[in-house]
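One structure is given here, and the rest of the page talks about it.
Residue numbers (the numbering used here), protein chains in the order written: chain A, -2 to 541; chain B, 1323 to 1607.
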């Protein structure tokens, strides 16, 4: 309407400039000399095409109207562009182990599929007959893409492909997906992400996003009893499993009777008894695996979540430390149960002098009794030999010293350049003044600490074989010692919290609108108007 | 300011020449010895002198309504610039300048200026003059005492006087000034070439001073324009017939035949190229 009005105005303006008076007015100083001339008989034609061309104001008035015209056109166009709606729905279903929990009639995963179908129907009705981009994925410790289509019925069929897996839940995947969706541009413009999970809607959903998120929580809170930790207590030097430690957690009301049965490798029960719960619903206990092999741990009865009710663990064969003990005093290795092995030792303990043996070697000095006191000059702070040592007492001990052996790094050095402790990186070796001795407290502590620090450092980190492994996206099925004891999966008591409503699946404006041009055109029109008026007032007759 | 070293016979310091005695000469200036030596028996020789006096420049500006045209470059605007220019030069030479409104009531129509510091007032005075557009009365009386001998009288007008009486009065005043040894310069601001172009051809409703508004519709033809041009020329000739007896300097400033002339360009070219104006500023050797 406004467009046609302005177009009419433009035409009228040009017509106005074409119109000329029948007698054009001329104001001159020599008017008096026209007196007495014969008067004109007729005027001139009213319209003249050439008149607008000679009219200077027209050159401002026409651009003014054109600017207004363009502004009006662009306002309509740009507003309509701003209202361009996009619609794409991505349904993301939680497929973690906890989704197998039975709430009564259904498992949580079946409830999630129902929610997904509802969301799909909602989107299909909103879209009418228009093609909409649909995606279906599941998430646990990884996102599995199942389908991408513009046909809602195809997506509905794809829902049958979705299955829960005995895996944990990584919400960071969903958060990262959202961030990537906000930044993504492509053929399939996803405007809505529908997440269906038994985890309550996280707080970060309220962040301002381009993609609308609807988080539907499924599953009623139910009680559960299950293992939440199965660990070990190990010998620090050998890595031997001293005991297996278990934590059982009761979510919800503490059950009346829950029994734990631990069966050994030979099929005999090592433990079979009811659990005594602490007030916070925890039970902690342990057993000593007296032989290597498989142990079966089972709770009777378990809760509605099944993957944490039983566990199979493997205790590996225990092998001792093999040592090439070259000292005459063999009391210590005997007490520690170290096996003498000159051919393939883990460690060699030898007296001075130093040699270049490739076997990790702990060189032991002449003891702690025949030395003299001295002040510390410097020490090597990064050395493992100094772990747990109190250096303040060192200067009062009468420890034997040696000159720094060639190729060694001084770890603790006296002011006279003699060293108490030293180490060598390659081949790995260490020097300590003597074997652990009893007696004066500081000396006993220093001698024991430095000796075992040296042994531990020379033995290095010996990886202990795990009792079990967790299922992973690559191996999602629990089998034997591959367990589904993922953190928090057994917590089936979490409260319900959804975010957004499935009815909110409506088309939304998409794209970042370009800066509108019409305000600039409007400003130009105003400037032209002001200029035209000013020139009309002060520019002389040619602008009138 | 040049030109004001006026050569005239009179009482002065510097001897110029001898001339034959005529009745009216001061007998005290008869050089009896020279008469006896050089002249014939019946001749008496009178000593004449060169007089150098401080100049009085009187600038009369016509402010009647016809001076407000043409709108693209009004005659009053050009007259004001010219008046301001010559007045500024004169004042900077420590000459006396008298600004005079040529028409209208005599009150406030004559302003005496002296000293270079007065140059700044010229423009405002002329602006005040321009507000007074009475065309009926030629304001000549105040000039009686303001035109001393040897003064320069610069008249800026378009000569489109309404009545014959106005022409006669001004002509008479010019003659009197000449008799009083004044140098009269009449700048004729003639905008007809520009207005002729502005009129164009075709049916026109002419407006302007001196034309009956009920009978102002004319067909502009070459013939009619030539007729008007003749009328203007005749009108001026009649005035100059009255003035010519006194033989003043007539300086025509003809507007360019353009629809939209550039005032600054026009003024600069005329002001710098006009011989009479140049003489006004020239020092006698």
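Don't be surprised by glycine CBs; every beta carbon is placed ideally from N, CA and C.
### Query
Should residue 1540 of chain B be flagged as near chain A, meaning a C-beta pair shorter than 9 angstroms?
Your numbering for residue 1540 of chain B matches position 218 in the second chain. At least one chain A Cβ lies under 9 angstroms of residue 1540 of chain B.
### Task
Output yes or no for whether 9 angstroms exceeds the beta carbon distance between residue 554 of chain A and residue 140 of chain A.
Nothing in the structure corresponds to residue 554 of chain A, since chain A is present only between -2 and 541.
### Message
If you reduce the DSSP assignment to three classes, tell me which class residue 1379 of chain B lands in.
### Response
The sequence position of residue 1379 of chain B within the second chain is 57, counting from 1. The answer is strand: DSSP assigns residue 1379 of chain B an E or B state.
### Task
Determine which residues share a DSSP beta bridge with residue 270 of chain A and list them.
Locating residue 270 of chain A in the first chain gives position 273, counting from the first residue. Its beta-bridge partners are A:257.
### Query
Taking the C-alpha atoms as reference points, what is the distance between residue 1326 of chain B and residue 1475 of chain B?
Within the second chain, numbered from 1, the residue matching residue 1326 of chain B stands at position 4. Within the second chain, numbered from 1, the residue matching residue 1475 of chain B stands at position 153. Note that residue 1326 of chain B scores a pLDDT of 44, beneath 50, so its modelled location is shaky and nothing firm can be said.
### Query
For chain B, is any of its Cβ atoms less than 9 angstroms away from the one on residue 18 of chain A?
In the first chain, residue 18 of chain A corresponds to position 21, counting from 1. So, interface residue.
### Interface positions of the segment 1517 to 1544 of chain B facing chain A (Cβ-Cβ less than 9 angstroms), listed along the chain
1517, 1518, 1520, 1521, 1522, 1524, 1525, 1526, 1527, 1528, 1529, 1530, 1531, 1532, 1533, 1534, 1537, 1538, 1539, 1540, 1541 and 1542
### Task
Could you tell me how far apart the beta carbons of residue 1501 of chain B and residue 24 of chain A are, in whole angstroms, since I believe they sit closer than 8 angstroms?
Locating residue 1501 of chain B in the second chain gives position 179, counting from the first residue. Locating residue 24 of chain A in the first chain gives position 27, counting from the first residue. Actually they do not touch by this definition, with Cβ atoms about 40 angstroms apart.
### Query
Can you name, in chain order, every residue of its own chain whose Cβ lies under 7 angstroms from the Cβ of residue 174 of chain A, other than the five neighbours on each side?
As a first step, residue 174 of chain A must be located in the first chain, where it is residue number 177. Once the five neighbours on either side are set aside, the close Cβ partners of residue 174 of chain A are 140.
### Query
What in chain B is Cβ-close to residue 32 of chain A, meaning under 8 angstroms?
The residue labelled residue 32 of chain A in the question sits at position 35 within the first chain. Per Cβ cutoff of 8 angstroms: 1532, 1533, 1534 and 1537.
### Task
In angstroms with no decimal places, state the Cα-to-Cα distance between residue 293 of chain A and residue 258 of chain A.
Taking the first residue of the first chain as 1, we reach residue 293 of chain A at position 296. Taking the first residue of the first chain as 1, we reach residue 258 of chain A at position 261. Cα to Cα, residue 293 of chain A sits roughly 8 angstroms from residue 258 of chain A.
### Message
Quick check: the Cα distance between residue 60 of chain A and residue 532 of chain A, rounded to an integer number of angstroms?
### Response
Within the first chain, numbered from 1, the residue matching residue 60 of chain A stands at position 63. Within the first chain, numbered from 1, the residue matching residue 532 of chain A stands at position 535. Cα to Cα, the separation comes out at about 15 angstroms.
#### Entry: Buried versus exposed call for residue 550 of chain A [16 or more other C-beta atoms within 10 Å across all chains shown]
For chain A, the structure presents residues -2 to 541; residue 550 of chain A sits outside this window and is missing.
### Query
Of the choices B:1483, B:1471 and B:1440, whose alpha-carbon is the least far from that of residue 1461 of chain B?
Counting from 1 along the second chain, the entry for residue 1461 of chain B is found at position 139. Selected option, being the one with the closest Cα: B:1483.
### Message
Using 8 angstroms for Cβ pairs, my map puts residue 134 of chain A next to residue 89 of chain A. What's the rounded Cβ distance?
### Response
Residue numbering aside, residue 134 of chain A sits at position 137 when the first chain is read from its first letter. Residue numbering aside, residue 89 of chain A sits at position 92 when the first chain is read from its first letter. The pair is a contact, with the Cβ atoms about 5 angstroms apart (cut-off 8 angstroms).
### Message
Is the separation between the beta-carbon of residue 1389 of chain B and that of residue 1458 of chain B shorter than 9 angstroms?
### Response
Taking the second chain and counting its residues from 1, the one referred to as residue 1389 of chain B is at position 67. Taking the second chain and counting its residues from 1, the one referred to as residue 1458 of chain B is at position 136. Result no, Cβ atoms of residue 1389 of chain B and residue 1458 of chain B do not sit closer than 9 angstroms.
### Query
Listed in chain order, which residues of the segment 1564 to 1596 of chain B have Cβ atoms closer than 9 angstroms to some Cβ of chain A?
1581 and 1582
#### Entry: Where residue 354 of chain A sits in the DSSP three-state scheme
Along the first chain, one-based indexing puts residue 354 of chain A at 357. Three-state DSSP puts residue 354 of chain A in coil, outside helix and strand.
### Task
Examine the ligand PLP and report whether any of its heavy atoms sits within less than 8 angstroms of the Cβ of residue 1457 of chain B.
As far as ligands go, the structure on display features none, and thus does not contain the ligand PLP.
### Length of the line joining the Cα atoms of residue 1534 of chain B and residue 1463 of chain B
Along the second chain, read from residue 1 onward, the residue named residue 1534 of chain B stands at position 212. Along the second chain, read from residue 1 onward, the residue named residue 1463 of chain B stands at position 141. Straight-line Cα distance between these residues: approximately 31 angstroms.
### Task
List the residues of chain B that residue 550 of chain A touches, going by C-beta distances under 8 angstroms, in chain order.
Because chain A spans -2 through 541 in this model, residue 550 of chain A falls outside it and cannot be assessed.
### Query
Going by alpha carbons, who is nearest to residue 194 of chain A out of A:208, A:217, A:477 and A:282?
Position 197 of the first chain, counted from the first residue, corresponds to residue 194 of chain A. Checked all of A:208, A:217, A:477 and A:282; the closest Cα to residue 194 of chain A is A:217.
#### Entry: Reduced DSSP category for residue 1453 of chain B - H, G, I as helix; E, B as strand; rest coil
The residue you call residue 1453 of chain B lines up with position 131 of the second chain. Here residue 1453 of chain B sits in coil by DSSP.
#### Entry: Alpha-carbon to alpha-carbon, residue 489 of chain A and residue 578 of chain A
Shown here, chain A extends from -2 to 541; a query on residue 578 of chain A therefore has no answer.
### Query
Leaving out the 5 sequence neighbours to the left and right, which residues in its chain are closer than 6 angstroms to residue 162 of chain A when beta-carbon positions are compared?
Mapped onto the first chain, residue 162 of chain A falls at position 165. Around residue 162 of chain A: 92, 137 and 473.
### Expected contact under 8 angstroms - CB spacing of residue 1412 of chain B and residue 1379 of chain B to nearest Å
What you label residue 1412 of chain B is simply residue 90 of the second chain in a count that begins at 1. What you label residue 1379 of chain B is simply residue 57 of the second chain in a count that begins at 1. That belief holds up - the Cβ atoms of residue 1412 of chain B and residue 1379 of chain B are roughly 5 angstroms apart, short of 8 angstroms.
### Query
Beta-carbon of residue 26 of chain A versus every beta-carbon of chain B: anything under 9 angstroms?
Residue 26 of chain A sits at position 29 when you count from the first residue of the first chain. Yes, residue 26 of chain A lies at the interface with chain B (some Cβ there is under 9 angstroms from its Cβ).
### Task
Can you say whether residue 1391 of chain B is buried or exposed, counting buried as having 16 or more other CB atoms within 10 angstroms of its CB?
For this step, residue 1391 of chain B is matched to residue 69 along the second chain. Result: buried.
#### Entry: Boundaries of the beta strand (DSSP E) in which residue 1419 of chain B is found, first to last residue
By 1-based counting over the second chain, the position of residue 1419 of chain B is 97. That run of the beta strand (DSSP E) goes 1418 to 1423.
### Message
Quick check: is the beta carbon of residue 1391 of chain B nearer than 9 angstroms to any beta carbon in chain A?
### Response
Taking the first residue of the second chain as 1, we reach residue 1391 of chain B at position 69. So, interface residue.
### Message
Please classify residue 1517 of chain B as buried or exposed, where buried requires at least 16 other C-beta atoms within 10 Å of its C-beta.
### Response
To locate residue 1517 of chain B, count along the second chain from 1; it is residue 195. With 16 or more Cβ atoms within 10 Å of its Cβ, residue 1517 of chain B is classed as buried.
#### Entry: Status (buried if at least 16 other CB within 10 Å, exposed otherwise) for residue 39 of chain A
Start at 1 with the first residue of the first chain, and residue 39 of chain A comes out as number 42. Residue 39 of chain A should be labelled exposed.
### Message
Using a Cβ-Cβ cutoff of less than 6 angstroms, which residues in the same chain neighbour residue 407 of chain A once the five nearest sequence positions on both sides are dropped?
### Response
In the first chain, counting from the first residue as 1, residue 407 of chain A sits at position 410. Answer for residue 407 of chain A: 401, 416 and 419, listed in chain order.
### Query
If you pair each beta-carbon of the segment 3 to 11 of chain A with each one of the segment 1491 to 1500 of chain B, do three or more pairs fall below 8 angstroms?
no
### Secondary structure of residue 396 of chain A, DSSP reduced to three states
The residue given as residue 396 of chain A occupies position 399 in the first chain. Residue 396 of chain A: coil per DSSP, three-state reduction.
#### Entry: Pick from B:1491, B:1381, B:1384 and B:1403 that is closest to residue 1591 of chain B, judged by C-alpha positions
Here residue 1591 of chain B is taken as the residue at index 269 of the second chain, counted from 1. Measuring from the Cα of residue 1591 of chain B, the nearest candidate turns out to be B:1403.
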